[in-house]
Amino acid sequence: MTYSVPKLPYDYDALEPYIDETTMRLHHDRHHQTYVDNLNLALEKYPEAQTWSLTALLARLDELPDAVLLAIRNNGGGHANHSLFWKSLTPGGSELSAELDGQLAAAFGSLEAFKAEFTAAAKGVFGSGWAWLVKDEDGQLAVTSTANQDSPLMLDQVPLLGLDVWEHAYYLKYQNRRPDYIAAFWQIVDWQQVEKRLKANSSLL
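Going letter by letter, the sequence shown gives residues 1060 to 1264 in my numbering.
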């Protein structure tokens, strides 16, 4: 299997003013492309895994030889995380259904309580990483974070919503103001995608 960068489901400038066009072009066309190129290169050295799906590849890291483990972990995680991230965003955001609102309220107390917990997780990532809403290994909704390009798929969790807090995701527009970037993120979340993943019990990668 040879992986490729998925096309954005909107124009590069469609998320303005929350995420700028230049950042989107660099983030999607260069950063994500680099993860894909390096993942494909690593898989050339271990063809046995070329038939595995991306989800299986990240869930079965313990089966990989040391020679390719780190490259597949970092670059496979980067590919999975970004593929989910692009689809988690939509111009102007989408409406939150009553059903999903109720599920978030049941798990966290309210939608606002969920947002506060997720925001705290995103702010609390030291260095580079991601904040996540996941369906955990016990089938419960939970907020978590991962370092670097680690994915919840590596932990037997289903990623439902992820926010990239690597500096390359926001520094051109927000500089060191990560909290402003996180606040802007809530204006462009595609809640319909979150609900689809939850109902499918899958990241839908």
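No residue lacks a Cβ here, since even glycine has one placed at the ideal position from N, Cα and C.
1) Check whether the Cβ of G1168 sits closer than 6 Å to any heavy atom of the ligand GDP, and report yes or no.
2) Select from F1185, L1231, A1201 and F1173 the residue whose C-alpha is nearest the C-alpha of W1245.
3) Since T1203 sits in a beta bridge, which residues does DSSP pair it with?
4) Leaving out five residues on either side along the sequence, give the residues of the same chain with a beta carbon under 6 Å from the beta carbon of H1091.
5) Starting from V1064, follow its DSSP beta bridges and name the residues at the other end.
6) Can you give the Cα-Cα distance for L1129 and T1081, rounded to whole angstroms?
7) Between which two residues does the beta strand (DSSP E) holding L1222 run?
8) Can you tell me the Cα-Cα spacing of A1118 and Y1233, whole angstroms?
9) Kindly identify the DSSP beta-bridge partner or partners of L1100.
10) Keeping to the same chain, check which residues put their C-beta closer than 6 Å to that of Q1252; ignore five residues upstream and five downstream.
Short version:
1) For the ligand GDP, the structure offers nothing, since it holds no ligand at all.
2) Comparing Cα positions, the closest option is F1173.
3) In DSSP, T1203 forms a bridge with W1191.
4) Result list for H1091: V1064 and H1141, in chain order.
5) BP columns for V1064 are empty, so no partner.
6) Straight-line spacing of the CA atoms in L1129 and T1081 works out to 30 Å.
7) First-last of the beta strand (DSSP E) with L1222: V1217 to D1223.
8) Looking at the two C-alpha atoms, the distance is approximately 34 Å.
9) Paired residues: none, contrary to the question.
10) Counting only residues of its own chain and dropping the five nearest sequence neighbours on each side, Q1252 has a CB closer than 6 Å to the CB of K1146 and S1147.
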